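J.: In the numbering used here, the protein residues as written are 153 to 222.
In this text, a Cβ means the ideal position worked out from N, Cα and C, and glycines have one as well.
Please read these numbers as outputs of a predicted model, since none were measured by experiment.
1) If you check the beta carbons only, do residue 219 and residue 182 fall under 8 Å apart?
2) Can you list, in chain order, the residues of its chain with a C-beta nearer than 6 Å to that of residue 210? Leave out the 5 residues immediately preceding and following it.
3) In the DSSP assignment, the beta strand (DSSP E) including residue 204 goes from what residue to what residue?
4) Please specify which runs of the beta strand (DSSP E), each continuous and at least 3 residues long, are wholly inside the region 154-201, giving them in chain order.
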């Protein structure tokens, strides 16, 4: 899900390409970026994805140099 601050509601969105827990997140130019975290085996990740709300799609972005989670 993603939060729409203009409406004050949570809205469904497609699942990320990689399931992750405790990632870092940011919004930049209307896109949601999610990076790092841990996978379902609790292995640290360096991969990152961005969500485009216009086309409802997650796409990979260049991975971080170091694996990390919060």
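T.: The relevant details are as follows:
1) No, the pair does not count as a contact, with Cβ atoms beyond the cut-off.
2) Closer than 6 Å at the Cβ level, and outside the excluded window around residue 210, lie 168, 169, 201 and 203.
3) Residue 204 -> beta strand (DSSP E) spans 200-204.
4) Fully enclosed beta strand (DSSP E) runs of 3 or longer: 154-156, 161-163, 176-180 and 183-187.
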